Structures are given as C-alpha cells and as structure tokens.
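Following: one structure in structure tokens, then a few remarks.
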DNA sequence: CTGTATCCCCATAGATACTG
DNA sequence: CAGTATCTATGGGGATACAG
C-alpha cells in the first residue's frame, strides 16, 4: 500500500509519505461528505450547508477553502446581490472519487464483520473485567 | 463513492454511513502506518515502536488495541519473561490493503498537482493581501 | 519487554454574534 | 446569501513515571 517513497525510509514514515498526505487530505469529518455531494454536480454554499446538516458555517467554509486550496474544488462567486457562490469539483477532484469509492465499497462489504469483531471484543473485555 | 446507504438520506450523511465508518477506522495519524508495517508480516510491539519512530507508547498501544477491536489485527501474548507480544494482520485486515493501496496510488500520482495547486493558491492569496 | 497511569497542554471544533 | 470574528472548552496526544 504505502508507496516506495516512504517504505524505504521507516523513520520518516510520517509526514512526507504520499499516503499520509492523501489521508490528511480527506481524513476529517466533513471533507468526504462534501466531495460526495459535489460529485453530483455544482452546488451553492447554502445548499451544501443544508444537505450536510450539523456542520457549522465555520467548518463548512474552512473545509471548502481547504479543498479549493488543494485544487480539488473550484469556487465561483457571482457578483450579485444577494451573493451567490457555486462550488464544483475540479478534474483533479473527480479523480479522487475512484479511490474513495474503493474504500466505500470495502466499508460496505465488511461493515458487518467490523461490528461483529467489536461486539466480540467488547464481550470478552466485559467477561475479563467481571472475573477480575 | 459514498454508498447508497447514506446517499438517500442527506441529513444523516454523518455517522451511520459506511464510508464514514471506514474513514474513521483509518483516519488518524498512526493507523495506516501500522497496517502498512504489519502488511509485511507479524511484528512485535518494540519493533513497531522503533520503526514508526515518533509515536508514543500510549498511542502505539491505543492504536493497536483499536485495530484489534476492529478485527483487523490479532494480538498474541507469549507468557514468557520477558514478555513477548506479536501483532499480525487478520484476513479482514489484509482486505483493507487493496483500497488503501488505491488511495496511495492516487496520492503518488497526483501529489505534484496538489502541491502546485497549493502553491498557486497561496501565491494568489499573498498577492491579494498585498493589494489590500 | 510490554505495557498502564497520570498530568498537562494546546489545537481545534462548536456556538454565537456580526457584516457586506 | 455567504461568509468573518471571537470566545470557549473538550478531549486527543505527548511526556513522564511506574509496574508486572
């Protein structure tokens, strides 16, 4: 999995590794949600806000800005009153959908196994705690 | 990307979505590093500690325990003195290598584009700040 | 060797209020 | 409508010390 770039330098396994960077890119609560919503086409700020539900304006703006900075999303502001802003996945952004899809598919396939494993683990822990 | 399980219920896009769960699984600083190291075969606690370099004992133990709980890793303690503990990817754990590999490959392929995009964004921001 | 226990810090998310 | 600005606190993570 992790590319050769860091597989050869064990103690630098942290920051410069492409995989780390890729994960840092999407490993927060909202990023993938937004990418997913935008994969269906351009959306306005308010629309995204409504659809995500639970996200604060601060986090929405912050996450969208990060995506824009990373070149995954474009931001187009229309100089109107009231203002209108449209966000859209870039070509680069679209290329991320594939890998994320793979991860999603994995999750869908193995979710029940994960839940089973957790249940089993917690059960054993509980028993161990009781016998102590 | 995000599976149908949540694509139909926009406002529940948060917790129950399989993709979210998959990401939560691996979206921390150390998890993927450990999975990567273990993908090469079973390893002892100390070996992992040395190879990751920079991780605290607390986080190493905590992360390994989480992986064990999720059924991605097995933990085998040998009742010896001094103690020996070996960690190994489970069959389920191995199935995760593929999707993570896809993400890694994406990162490797597009890392330069990301860096370019960031540089460009930051440059524009700087210019905007100066002209203000 | 393989952990636990404890303290502490600070980054970050959330809430709230305000603005062009 | 689409954001900023500001405040707060919470809990995740590091450092350290200790234990079986």
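Residue numbers (the working numbering), protein chains in the order written: chain A, 1 to 132; chain B, 1 to 132. Using N, Cα and C, we set each Cβ at its ideal position, and we do this for glycine too. This structure is a prediction, so every number in the text was calculated from the model and none was measured.
- Could you tell me whether the Cβ atoms of residue 85 (chain B) and residue 77 (chain B) are closer together than 8 angstroms? yes
- With respect to the beta strand (DSSP E) encompassing residue 124 (chain A), which residues constitute its N-terminal and C-terminal limits? No beta strand (DSSP E) contains residue 124 (chain A), which is instead part of the alpha helix (DSSP H) from 97-131.
- Query: What does a CB cutoff of less than 8 angstroms around residue 110 (chain A) pick up in its chain, not counting 5 residues either side in sequence?
  - Reply: none
- Does the Cβ of residue 43 (chain A) have 16 or more other Cβ atoms within 10 Å, making it buried, or fewer, making it exposed? buried
- If you measure from the beta carbon of residue 113 (chain B) to each beta carbon in chain A, is any gap under 8 angstroms? yes
- Which of helix, strand or coil does DSSP assign to residue 74 (chain A)? strand
- Answer with yes or no whether the minimum CB distance from residue 11 (chain B) to chain A is below 8 angstroms. The predicted position of residue 11 (chain B) is uncertain, since its pLDDT is 43 and thus under 50; no value can be drawn from it.
- Item | Per-residue burial, residue 12 (chain B) [other beta carbons within 10 Å of its own, 16 or more giving buried] | Low per-residue confidence applies at residue 12 (chain B): pLDDT is 44, beneath 50, and the placement is therefore not dependable, though the value from the model is reported in the following sentence. Looking at its Cβ environment, which holds fewer than 16 other Cβ atoms inside 10 Å, residue 12 (chain B) is exposed.
- Item | C-alpha distance - residue 55 (chain B) paired with residue 17 (chain A), whole-angstrom precision | 16 angstroms
- Message: Tell me the rounded alpha-carbon separation between residue 114 (chain B) and residue 117 (chain A).
- Response: 37 angstroms
- Message: List, in chain order, every chain A residue whose beta-carbon is nearer than 8 angstroms to that of residue 21 (chain B).
- Response: 107, 111 and 114
- Query: Would you call the segment 117-131 of chain B and the segment 119-131 of chain A in contact, with 3 or more CB pairs under 8 angstroms?
  - Reply: no
- Item | Any C-beta of chain B under 8 angstroms from that of residue 95 (chain A) | yes
- Query: Smallest Cα separation from residue 52 (chain A): which of A:97, A:37, A:131 and A:65?
  - Reply: A:37
- Considering only C-alpha positions, which residue in the set A:23, A:35 and A:24 is nearest to residue 91 (chain A)? A:35
- Query: Are the beta-carbon atoms belonging to residue 23 (chain B) and residue 27 (chain A) less than 8 angstroms from one another?
  - Reply: yes
- Item | 8 angstroms Cβ shell around residue 83 (chain A) - same chain, five flanking residues per side excluded | 77
- Query: residue 90 (chain A) lies in the alpha helix (DSSP H); which residues open and close that run?
  - Reply: No alpha helix (DSSP H) contains residue 90 (chain A), which DSSP labels as neither H nor E.
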